[in-house]
Amino acid sequence: MSFQSPYVMPVVDLRRPLIARAALGTLVASALFFVFTATKLSNPIYVHAPWVDDPYDTVFSFTMFLVPLVAATVLVQISLCRKSEPLPTGRVVAILRGCRIALAAMAIELLSAWVSVALGANRSQWTAATTVLIALLMLCSIAVGKVIVHVVRAPHLPSPDRVEEGQVSDWLADLVTVAQRESHWLGPLRHLGLSVLDWTERTVIAKVRRHPVGAAAVTSAAFAVTVFGWQAVREGYLLSVTSLEMGLGFCGMFAFLVLAGAYLGIVRSPTRLYGVQRRALDAGVAASIVASATLAFRDWLWWIVGSNATNAGPAPFAALLGRTTLLAFVLVFTVETVRCSHSLPAL
Numbered sequence: 048m049s050f051q052s053p054y055v056m057p058v059v060d061l062r063r064p065l066i067a068r069a070a071l072g073t074l075v076a077s078a079l080f081f082v083f084t085a086t087k088l089s090n091p092i093y094v095h096a097p098w099v100d101d102p103y104d105t106v107f108s109f110t111m112f113l114v115p116l117v118a119a120t121v122l123v124q125i126s127l128c129r130k131s132e133p134l135p136t137g138r139v140v141a142i143l144r145g146c147r148i149a150l151a152a153m154a155i156e157l158l159s160a161w162v163s164v165a166l167g168a169n170r171s172q173w174t175a176a177t178t179v180l181i182a183l184l185m186l187c188s189i190a191v192g193k194v195i196v197h198v199v200r201a202p203h204l205p206s207p208d209r210v211e212e213g214q215v216s217d218w219l220a221d222l223v224t225v226a227q228r229e230s231h232w233l234g235p236l237r238h239l240g241l242s243v244l245d246w247t248e249r250t251v252i253a254k255v256r257r258h259p260v261g262a263a264a265v266t267s268a269a270f271a272v273t274v275f276g277w278q279a280v281r282e283g284y285l286l287s288v289t290s291l292e293m294g295l296g297f298c299g300m301f302a303f304l305v306l307a308g309a310y311l312g313i314v315r316s317p318t319r320l321y322g323v324q325r326r327a328l329d330a331g332v333a334a335s336i337v338a339s340a341t342l343a344f345r346d347w348l349w350w351i352v353g354s355n356a357t358n359a360g361p362a363p364f365a366a367l368l369g370r371t372t373l374l375a376f377v378l379v380f381t382v383e384t385v386r387c388s389h390s391l392p393a394l
């Protein structure tokens, strides 16, 4: 009589084809979605899109970065799965979670785009290019809808408990494993590449695991400076506008990394925040989300600073952003403090 570990799915498990269909379908849908969102990089085409203005454009701008990032995490973990080998259930759960996040982000963007089409937004700029964009939107919607059905039909696996978490590596460890496996492409530089990878794992990744929130903040800052800073330089923005754009980029990426990172198991850290630190983190994530929402719906919120869409500029928007994010931070922090949330470390 053989013993089967509860932490792995055997080769003959009939649920594996359903999971593979959902995961691979998500990658295909993400690739098609990337083509759709890449139209934003072509201003002569994108200017004719119904979703060119906010709030639709804010959703479009964030999802065009977030969906490929999630798809990348799924791809790394799928590459470690073999038909002839048992699968750790913790890795399967992470893959399905990544599929759900990617599909949810795509669905939100596609729904936003369809709303802009239904309302005839930017109608004066509609041309033949608009027809092409709507055709791409329809193709993406069909693909995403089909994959959502596959993910819903995929078997439900229980979330890994703390015992199982100890049996499964995090995504960073999986990334190192994939890099080691693919290092043969470096040819004569393979030994040097493995040495650099070993140093990265022992120093950089170790620090990331000890300070996951700090690592998320540094990554978000690098993203904001690289993407939005370059856009500002390319389009000749004023310093005030550049600062606001980079701040908003930081907020969006930070909220995503903290929430999605925890859900997907990007980093399994021995550090467990609780008390004031955990409440401040929750409040900071909430404020970051509100900052993005303020950008999207600013035309409905100018009254907060006594302005309007016609007269508003960088200074009124900075004041609006400061008030809404501060309110969100204080509200969440106060509520969690009153409720004594996260007073003890998680077991």
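Mapped onto my numbering, the consecutive letters of the sequence shown carry residue numbers 48 to 394. The beta carbon of each residue, even a glycine, is placed where N, CA and C say it ideally should be.
Tell me which residues share the same chain as residue i and place their Cβ nearer than 8 Å to its Cβ, disregarding the 5 neighbours each side in the sequence.
{"i": "Leu-342", "result": "Asp-101, Thr-105, Leu-295 and Leu-368"}
{"i": "Val-377", "result": "Ala-330"}
{"i": "Val-332", "result": "Phe-301, Ala-302, Val-305 and Leu-306"}
{"i": "Ile-125", "result": "Ala-70, Leu-71, Leu-74 and Ile-142"}
Look up residue i in the DSSP assignment and say whether it is helix, strand or coil.
{"i": "Val-55", "result": "strand"}
{"i": "Asp-135", "result": "The identity of residue 135 in the sequence shown is Pro, whereas the question assumes Asp. In this structure, Pro-135 counts as strand in the three-state DSSP scheme."}
{"i": "Leu-103", "result": "The displayed chain sequence assigns Tyr, not Leu, to residue 103. If DSSP states are grouped into helix, strand and coil, Tyr-103 belongs with the helices."}
{"i": "Trp-218", "result": "helix"}
{"i": "Cys-146", "result": "helix"}
{"i": "Cys-298", "result": "helix"}
{"i": "Gln-90", "result": "Before going on, a small fix: residue 90 reads as Asn here, not Gln. Helix, per DSSP."}
{"i": "Lys-193", "result": "helix"}
{"i": "His-231", "result": "helix"}
{"i": "Cys-9", "result": "For residue 9 there is no data in the structure shown, the boundaries of the chain being 48 and 394."}
{"i": "Lys-254", "result": "helix"}
{"i": "Val-314", "result": "coil"}
{"i": "Ser-126", "result": "coil"}
{"i": "Thr-357", "result": "coil"}
{"i": "Phe-37", "result": "The structure shown does not extend to residue 37, since the chain is modelled only from 48 through 394, so no value can be given for it."}
{"i": "Arg-62", "result": "coil"}
{"i": "Thr-266", "result": "helix"}
{"i": "Leu-174", "result": "Sequence check: residue 174 is Thr here, not Leu. The answer is coil: DSSP assigns Thr-174 none of H, G, I, E or B."}
{"i": "His-203", "result": "coil"}
{"i": "Gly-283", "result": "coil"}
Could you check whether residue j and residue i sit closer than 9 Å to each other, using their CB atoms as the reference points?
{"i": "Pro-205", "j": "Leu-65", "result": "no"}
{"i": "Ile-398", "j": "Ala-70", "result": "In this structure the chain extends from 48 to 394, so residue 398 is not present and cannot be described."}
{"i": "Thr-397", "j": "Val-114", "result": "Residue 397 lies beyond the stretch modelled for the chain, which goes from 48 to 394, so this question has no answer here."}
{"i": "Pro-18", "j": "Thr-174", "result": "It is not possible to answer for residue 18, since the shown part of the chain is limited to 48 through 394."}
{"i": "Val-344", "j": "Phe-112", "result": "This sequence places Phe at residue 344; Val is not what is there. Result no, Cβ atoms of Phe-344 and Phe-112 do not sit closer than 9 Å."}
{"i": "Ala-330", "j": "Ala-375", "result": "yes"}
{"i": "His-197", "j": "Arg-325", "result": "no"}
{"i": "Ile-181", "j": "Ala-154", "result": "no"}
{"i": "Ala-190", "j": "Ala-149", "result": "no"}
{"i": "Leu-222", "j": "Val-123", "result": "yes"}
{"i": "Tyr-284", "j": "Arg-144", "result": "no"}
{"i": "Pro-133", "j": "Val-58", "result": "yes"}
{"i": "Leu-371", "j": "Val-323", "result": "Reading off the sequence, residue 371 comes out as Thr, not Leu. Cβ distance not < 9 Å, so Thr-371 and Val-323 don't count as in contact."}
{"i": "Arg-170", "j": "Pro-97", "result": "yes"}
{"i": "Val-314", "j": "Ala-262", "result": "yes"}
{"i": "Thr-266", "j": "Leu-127", "result": "no"}
{"i": "Ser-354", "j": "Arg-257", "result": "no"}
Nearest-angstrom Cα distance between residue i and residue j?
{"i": "Val-55", "j": "Arg-138", "result": "9 Å"}
{"i": "Val-162", "j": "Lys-193", "result": "20 Å"}
{"i": "Phe-80", "j": "Ala-168", "result": "21 Å"}
{"i": "Tyr-103", "j": "Phe-380", "result": "30 Å"}
{"i": "Val-352", "j": "Phe-364", "result": "8 Å"}
{"i": "Gly-213", "j": "Phe-303", "result": "Here the model assigns Gly-213 a pLDDT of 49, short of 50, so the residue's position is not dependable, and the following value carries that caveat. Approximately 25 Å, taken between the alpha carbons."}
{"i": "Pro-235", "j": "Ala-307", "result": "38 Å"}
{"i": "Ser-216", "j": "Ser-287", "result": "43 Å"}
{"i": "Val-140", "j": "Glu-282", "result": "42 Å"}
{"i": "Gly-312", "j": "Trp-218", "result": "6 Å"}
{"i": "Ala-334", "j": "Thr-247", "result": "32 Å"}
{"i": "Leu-166", "j": "Ala-264", "result": "38 Å"}
{"i": "Cys-187", "j": "Arg-200", "result": "20 Å"}
{"i": "Trp-347", "j": "Ala-160", "result": "19 Å"}
{"i": "Gln-172", "j": "Thr-384", "result": "50 Å"}
Leaving out the 5 sequence neighbours to the left and right, which residues in its chain are closer than 6 Å to residue i when beta-carbon positions are compared?
{"i": "Leu-233", "result": "Gly-240"}
{"i": "Phe-109", "result": "Gly-299"}
{"i": "Ile-92", "result": "Thr-86 and Ala-176"}
{"i": "Ala-226", "result": "Leu-244"}
{"i": "Ala-359", "result": "Trp-349"}
Classify residue i: buried if its beta carbon has 16 or more other beta carbons within 10 angstroms, exposed otherwise.
{"i": "His-95", "result": "buried"}
{"i": "Met-185", "result": "exposed"}
{"i": "Ser-89", "result": "exposed"}
{"i": "Ser-49", "result": "Residue placement at Ser-49 cannot be trusted, given a pLDDT of 40 that sits under 50; what the coordinates show is reported in the next sentence. Looking at its Cβ environment, which holds fewer than 16 other Cβ atoms inside 10 Å, Ser-49 is exposed."}
{"i": "Thr-357", "result": "exposed"}
{"i": "Leu-291", "result": "buried"}
{"i": "Glu-229", "result": "exposed"}
{"i": "Gln-51", "result": "Residue confidence for Gln-51 is low, a pLDDT of 49 falling below 50, so the modelled location carries little weight; the figure read from the coordinates is stated next. By the 10 Å Cβ count, Gln-51 comes out exposed."}
{"i": "Ala-253", "result": "exposed"}
{"i": "Ser-339", "result": "buried"}
Step through the CB atoms of chain D and report whether any lies within less than 9 Å of the CB of residue i.
{"i": "Thr-247", "result": "Among the chains of the structure shown, chain D does not appear; only one protein chain is present."}
Excluding five sequence neighbours on each side, which residues of the same chain lie with their C-beta closer than 7 Å to the C-beta of residue i?
{"i": "Met-293", "result": "Ala-271, Val-272, Phe-275 and Gly-276"}
{"i": "Ser-131", "result": "Val-58"}
{"i": "Leu-157", "result": "Leu-184, Cys-187, Ser-188 and Val-191"}
{"i": "Val-99", "result": "Tyr-93 and Asn-169"}
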